[in-house]
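Those sequence lines, one after another, are chains A and B. Going by our numbering, the first sequence opens with residue 7, and the numbers climb by one from there. Going by our numbering, the second sequence opens with residue 7, and the numbers climb by one from there. All residues carry an ideal CB built from backbone N, CA and C; glycine is no exception. In what follows, a single structure is set out as structure tokens and then discussed.
Number of protein chains: 2
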Amino acid sequence: MGDERRVRDIGEFGLIALLGEALPADVRSGESLDLGIGDDAAVWTPTPGERVVITTDSLVEEIHFRHDWTDWESLGEKMLAVNISDLAAMGAAPKVAVITLGLRGDERIDDLLALYRGLGGVARRYGMAIAGGDIVRSPAALALHITALGESRGGRVLTRAGARAGDIIGVTGTLGASAAGMRLLALASDDPRRRAATADLLIAAHLRPEPRVAAGAILLKEGARAAMDLSDGLMGDLPKMLAASGVSATLDARRLPVAAAVRALFPDAWLELALRGGEDYELLFTAPPDAWPGIVEAMAGIGVEATAIGEIVPDAGRSTTVEMIEPDGSRHELPVGAFDHFAP
Amino acid sequence: MGDERRVRDIGEFGLIALLGEALPADVRSGESLDLGIGDDAAVWTPTPGERVVITTDSLVEEIHFRHDWTDWESLGEKMLAVNISDLAAMGAAPKVAVITLGLRGDERIDDLLALYRGLGGVARRYGMAIAGGDIVRSPAALALHITALGESRGGRVLTRAGARAGDIIGVTGTLGASAAGMRLLALASDDPRRRAATADLLIAAHLRPEPRVAAGAILLKEGARAAMDLSDGLMGDLPKMLAASGVSATLDARRLPVAAAVRALFPDAWLELALRGGEDYELLFTAPPDAWPGIVEAMAGIGVEATAIGEIVPDAGRSTTVEMIEPDGSRHELPVGAFDHFAP
Chain A
7 MGDERRVRDI
17 GEFGLIALLG
27 EALPADVRSG
37 ESLDLGIGDD
47 AAVWTPTPGE
57 RVVITTDSLV
67 EEIHFRHDWT
77 DWESLGEKML
87 AVNISDLAAM
97 GAAPKVAVIT
107 LGLRGDERID
117 DLLALYRGLG
127 GVARRYGMAI
137 AGGDIVRSPA
147 ALALHITALG
157 ESRGGRVLTR
167 AGARAGDIIG
177 VTGTLGASAA
187 GMRLLALASD
197 DPRRRAATAD
207 LLIAAHLRPE
217 PRVAAGAILL
227 KEGARAAMDL
237 SDGLMGDLPK
247 MLAASGVSAT
257 LDARRLPVAA
267 AVRALFPDAW
277 LELALRGGED
287 YELLFTAPPD
297 AWPGIVEAMA
307 GIGVEATAIG
317 EIVPDAGRST
327 TVEMIEPDGS
337 RHELPVGAFD
347 HFAP
Chain B
7 MGDERRVRDI
17 GEFGLIALLG
27 EALPADVRSG
37 ESLDLGIGDD
47 AAVWTPTPGE
57 RVVITTDSLV
67 EEIHFRHDWT
77 DWESLGEKML
87 AVNISDLAAM
97 GAAPKVAVIT
107 LGLRGDERID
117 DLLALYRGLG
127 GVARRYGMAI
137 AGGDIVRSPA
147 ALALHITALG
157 ESRGGRVLTR
167 AGARAGDIIG
177 VTGTLGASAA
187 GMRLLALASD
197 DPRRRAATAD
207 LLIAAHLRPE
217 PRVAAGAILL
227 KEGARAAMDL
237 SDGLMGDLPK
247 MLAASGVSAT
257 LDARRLPVAA
267 AVRALFPDAW
277 LELALRGGED
287 YELLFTAPPD
297 AWPGIVEAMA
307 GIGVEATAIG
317 EIVPDAGRST
327 TVEMIEPDGS
337 RHELPVGAFD
347 HFAP
């Protein structure tokens with residue numbers, strides 16, 4: 007059956023009350039949250055001695071998601087997960103989030119409650135409190151904005167700027183699964199690839215990415231020098247790290263961790279998906295060779311594979327470059343660049 | 007002359023670089039900001055012993071502002087000011103903000119630089135750092151989202167929930183000026199009221215509200231018991247404080263501080279503007295009678311008038327009520343309620 011009411015039927019203040027109730031009690035309060043939803047501002051006491059890590063990210067309908075591809079609960083999970091992923095990349099512990107919903111007014115209450123269930127589930131899994139937010143009218147498209155706060159661990163964080171020549175370049179998990187999942191979603195539902203046994207796993211990688219919080223903590227502890235999360239694809243994000251660190255890189259295409267399902271379903275496109283697909287939300291990092299074995303072992307302990315995919319080399323000159331060792335052993339410089347929402 | 011380029015001409019990453027440069031250097035870095043714009047997240051070290059106060063607010067084109075009524079620099083000022091106002095209401099010190107711009111792509115670069123100049127000017131005035139943010143495509147309307155972080159003072163904050171029977175109800179400044187300014191903006195430019203000598207002052211109150219940061223600090227120090235900022239109008243906001251505190255109130259219409267210009271230009275509507283106009287961004291607060299003289303004196307020291315407008319009374323029963331003493335001395339219960347963007 008379900009509740010067929012829409013936002014404009016119950017109004018802003020009715021909706022705020024319902025959404026608050028849709029969150030688990032421990033997510034609404036949180037042990038370090040002194041004051042949650044309902045006042046002019048929320049109040050949070052960070053752990054003494056720790057720094058506060060701040061990130062913000064948005065998902066806009068038709069730009070970042072499509073309702074015919076995602077259910078509302080997954081959308082709620084993803085909107086918080088992509089913010090947590092940024093905190094994970096700093097080696098930080100997620101703590102508090104505030105949420106702004108931009109709504110047209112014709113959204114179904116049941117759908118927004120499902121969104122909040124997804125959000126609340128991820129918040130709970132990572133020990134975060136939802137401290138409130140804002141609901142505004144958005145004339146054309148649903149828009150979801152989150153600001154997430156985390157804490158440093160032992161006062162330290164990882165940045166993009168620490169990579170040094172001689173470092174090994176590593177990634178967690180595999181690359182290209184999310185982009186492959188998105189391609190599968192775009193296929194007709196009777197396409198044989200869509201019906202492959204492995205398709206659901208790739209689609210899940212796209213709809214419900216799992217932020218690498220424990221992996222980020224390991225990187226910080228085990229001596230990684232630089233880290234960032236992969237949201238714009240390896241060839242979009244690695245150059246940002248190289249530029250921030252003032253170095254260049256050599257990548258070995260033969261060592262890129264790409265799931266067998268991605269290679270099998272996209273035999274002509276898997277390398278492109280791995281290099282430029284985006285939205286993997288894996289961690290890209292660098293570490294000196296002597297720290298590498300410790301990182302791999304600790305990652306294995308939490309069930310995460312860390313793969314060496316290349317090496318940091320000195321900056322050749324005026325700009326950072328990425329040299330690729332192709333599957334046939336040949337070498338050439340790769341064009342770099344991230345997806346630009348307003349690309350000229 | 008100016009720069010006629012638009013967002014889609016220079017792209018997301020070009021815009022991020024330009025906007026960063028439009029901020030004063032001390033706003034980009036900030037003394038307590040360890041890491042600013044450019045990494046996965048920003049890093050900030052709060053003052054040891056202080057709590058973190060978190061608020062978020064959005065302005066959406068055609069809903070919260072109109073380009074034919076505001077210039078871009080004022081819009082930048084206001085978007086940060088309304089967030090600072092929430093921190094001020096908690097008695098907190100503003101520290102860090104992150105900004106998300108939702109853009110169509112056809113915005114002029116020069117306009118966005120003006121927006122950031124306004125933003126940067128207010129940030130600097132209140133000692134805030136801009137720690138980065140996000141730029142996303144917004145299909146139909148320009149949308150501006152800010153999350154602002156502040157700090158408690160001496161570990162304490164003011165909330166809405168502290169009002170007690172017997173407290174004096176006070177407000178800073180005057181009520182209704184912003185709503186009067188908005189009405190003036192809606193008039194034809196040759197309307198005699200629009201051309202009144204005082205019109206510009208009221209329009210400025212609407213376009214560039216000044217958050218009451220120092221006044222909030224005084225309220226905390228001088229023993230106010232509850233505070234909130236007036237964004238939805240006195241009759242929208244006071245009931246929220248009463249409900250949070252479990253009390254009722256008596257207001258004296260004869261004591262409402264309404265600027266002479268508002269009374270003169272809107273002789274039939276000034277009381278309605280003062281009660282329900284909204285966007286005053288003054289502080290509404292309660293204090294025990296013995297704290298009142300100290301508050302008034304300290305406010306006078308910073309050039310802010312604090313006016314007693316009523317009294318907190320015990321909750322009559324199941325729900326909070328507001329009784330009004332009218333200009334003729336008669337008493338009656340007032341309908342309460344805030345503006346609801348999705349009102350049924």
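Using 8 angstroms as the limit for Cβ to Cβ distance, is residue i near chain A?
i	result
P263/B	no
E79/B	no
G239/B	no
L41/B	yes
F291/B	no
F272/B	no
H338/B	no
E18/B	yes
V163/B	yes
Within 8 angstroms (strictly less), CB to CB, does residue i reach chain E?
i	result
G126/A	Absent from the structure: chain E. Protein chains present are A and B.
Could you round the C-beta distance between residue i and residue j to whole angstroms and report it? I think they count as a contact, below 8 angstroms.
i	j	result
A95/A	D286/A	About 12 angstroms separates the two Cβ atoms, so there is no contact after all.
A297/B	G229/B	4 angstroms
L354/B	L290/B	Any answer about residue 354/B is impossible in this case: the structure gives chain B only from 7 up to 350.
T62/B	T204/A	Rounded, the Cβ-Cβ distance is 40 angstroms, inconsistent with contact.
Going straight from the alpha carbon of residue i to that of residue j, what length do you get?
i	j	result
S158/B	P145/B	38 angstroms
D74/B	D9/A	40 angstroms
A135/A	H151/A	16 angstroms
A147/A	H70/A	11 angstroms
N89/A	I60/A	9 angstroms
M241/B	E311/B	20 angstroms
G239/B	G82/A	33 angstroms
L193/A	R200/A	7 angstroms
P294/B	A169/B	9 angstroms
P52/A	T51/B	10 angstroms
W276/B	F348/A	46 angstroms
P320/B	A103/B	39 angstroms
K84/A	R218/B	37 angstroms
G161/A	L93/A	14 angstroms
If we count the other Cβ atoms within 10 Å of its Cβ and call it buried at 16 or more, is residue i buried or exposed?
i	result
G55/A	exposed
R282/A	buried
R166/A	buried
A28/B	buried
D334/B	exposed
S251/B	buried
H338/A	exposed
R260/A	exposed
E37/B	exposed
Against chain B, does residue i count as a neighbour if the rule is that its beta carbon must be under 8 angstroms from one of theirs?
i	result
R231/A	no
F71/A	no
L93/A	yes
A137/A	yes
T61/A	yes
P217/A	no
V310/A	no
V104/A	yes
H151/A	yes
T51/A	yes
Can you tell which of the options has the C-alpha that lies nearest to the C-alpha of residue i?
i	options	result
R11/A	L190/A, I174/A, D116/A	D116/A
G97/B	I224/B, W276/B, V342/B, P263/B	I224/B
L107/B	E67/B, T292/B, Y132/B, S91/B	E67/B
S64/B	I22/A, K84/A, D140/A	D140/A
S79/A	L164/A, R218/A, V128/A	In the sequence as presented, Ser is not what sits at residue 79/A; that position holds Glu. Looking at the Cα atoms, V128/A is the closest of the given residues.
L190/A	A259/A, V268/A, G172/A	V268/A
I105/A	R57/A, V58/A, L155/A	L155/A
G126/A	P30/A, M247/A, K246/A	P30/A
G3/B	A48/B, T313/B, L340/B	Residue 3/B is absent from the model: chain B starts at 7 and stops at 350.
G179/A	G300/A, V163/A, P215/A, L93/A	P215/A
L257/B	I315/B, S184/B, W276/B	I315/B
V13/A	L109/A, D46/A, P100/A	L109/A
S184/A	A202/A, R162/A, G172/A, A211/A	A211/A
P100/A	R57/A, I301/A, I318/A	R57/A
P198/B	A220/B, A280/B, F272/B, T292/B	F272/B
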